[in-house]
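Enquirer:
Numbering (the numbering used here), first residue to last: 6 to 260.
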């Protein structure tokens, strides 16, 4: 266990050190989310009904949850590159814990997601977003965000090892996750959607997580959303972490 932890930290550090050398990834964590917030705030903010909230208060938690979920695309790209450039074989030849490669990748996402969420929150505060909750509830919301992002890092890890190129990994991840974020309560109330989409949105983990964030940060009625969001995050990890590990072992053994 001690070796697993130390090796995981080394791999996580390796992935974080590489980021300053990849400006396009830094833009994805900074400029792109800010543009999303500004566009939704000033382009759609006056035309979407959000009873009980100003649109900026309504949309900021949704955009942060969406951005956190997409944070794992770096893991998908990185793992796919490592697999097809032979780096995994090099890792296998070293005296290190096998699970550290995946654990390090997904752990690095927690750091980058924290950075991106902070930037988005600050941007939201500048354009009018405000918390309507205690410090404790705000912190619980932050923990939920990071756990949800970590869960989707495992989803992206699995998807990244299913395809043949980094470009395909990015496209598949986008195709799978993007509809989930928009058929949810992230940007509009599901009650205004057609019946089929509304039924899907009401059970969508993104809806439950976004509504949980609004409960924790804005004081909206909680219902079952907060504990439900934590259950969803844990369930996603429980499903996709074993799948990713099994796929990693299979890919490594066949390389």
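All residues carry an ideal CB built from backbone N, CA and C; glycine is no exception.
Keep in mind it's a predicted model, so treat the numbers as computed, not measured.
Could you have a look at residue 35 and say whether DSSP puts it in helix, strand or coil?
Expert: As a working note, residue 35 is residue 30 in the chain shown. Residue 35: coil per DSSP, three-state reduction.
Enquirer: Quick one, which of 160, 84, 183 and 69 has its alpha-carbon nearest residue 215's?
Expert: Residue 215 sits at position 210 when you count from the first residue of the chain shown. Closest by alpha carbon: 69.
Enquirer: Ordered along the chain, which non-local residues of its own chain (more than five positions away) have a Cβ less than 6 Å from that of residue 158?
Expert: Against the chain shown, residue 158 aligns to sequence position 153. 77, 80, 111 and 114, listed in sequence order.
Enquirer: Pair every Cβ in the stretch 144-157 with every Cβ in the stretch 216-236, then say whether three or more of these pairs are closer than 8 Å.
Expert: yes
Enquirer: Check for me: the alpha helix (DSSP H) holding residue 171 runs from which residue to which?
Expert: Position 166 of the chain shown, counting from 1, holds the residue named residue 171. Here the alpha helix (DSSP H) through residue 171 covers 171-187.
Enquirer: Roughly how many angstroms lie between the CA atoms of residue 137 and residue 222, to the nearest whole one?
Expert: On the chain shown, position 132 is the one that residue 137 refers to. On the chain shown, position 217 is the one that residue 222 refers to. Roughly 6 Å between the two C-alpha positions.
Enquirer: Label residue 208 either buried or exposed according to how many other C-beta atoms from any shown protein chain fall within 10 Å of its C-beta, with 16 as the threshold for buried.
Expert: One-based indexing of the chain shown puts residue 208 at position 203. Exposed, because fewer than 16 other Cβ atoms sit within 10 Å of the Cβ of residue 208.
Enquirer: Suppose you measure from the CA of residue 126 to the CA of residue 190; what does that come to, to the nearest Å?
Expert: The residue given as residue 126 occupies position 121 in the chain shown. The residue given as residue 190 occupies position 185 in the chain shown. Answer to the nearest angstrom: the Cα atoms are 18 Å apart.
Enquirer: What are the complete alpha helix (DSSP H) segments, minimum 4 residues, inside the stretch 56-88?
Expert: 60-75
Enquirer: Quick one: Cα of residue 108 to Cα of residue 45, how far?
Expert: Translated into positions along the chain shown, residue 108 becomes position 103. Translated into positions along the chain shown, residue 45 becomes position 40. Taking the straight line joining both Cα atoms gives about 34 Å.
Enquirer: With distance defined between alpha-carbon atoms, name the residue in 240, 192 and 249 nearest to residue 72.
Expert: Sequence index remark: in the chain shown, residue 72 carries index 67 (1-based). Measuring from the Cα of residue 72, the nearest candidate turns out to be 192.
Enquirer: Taking Cβ to Cβ, would you say residue 134 is nearer than 8 Å to residue 65?
Expert: Position 129 of the chain shown holds residue 134. Position 60 of the chain shown holds residue 65. Yes; because the gap between Cβ atoms is below 8 Å, this pair is in contact.
Enquirer: Which runs of the alpha helix (DSSP H), 4 residues or longer, sit entirely within the stretch 145-171?
Expert: You should have found no qualifying run.
Enquirer: Between the Cα of residue 128 and those of 195, 41, 179 and 235, spot the shortest distance and give me the residue it belongs to.
Expert: Taking the first residue of the chain shown as position 1, residue 128 is located at position 123. Selected option, being the one with the closest Cα: 41.
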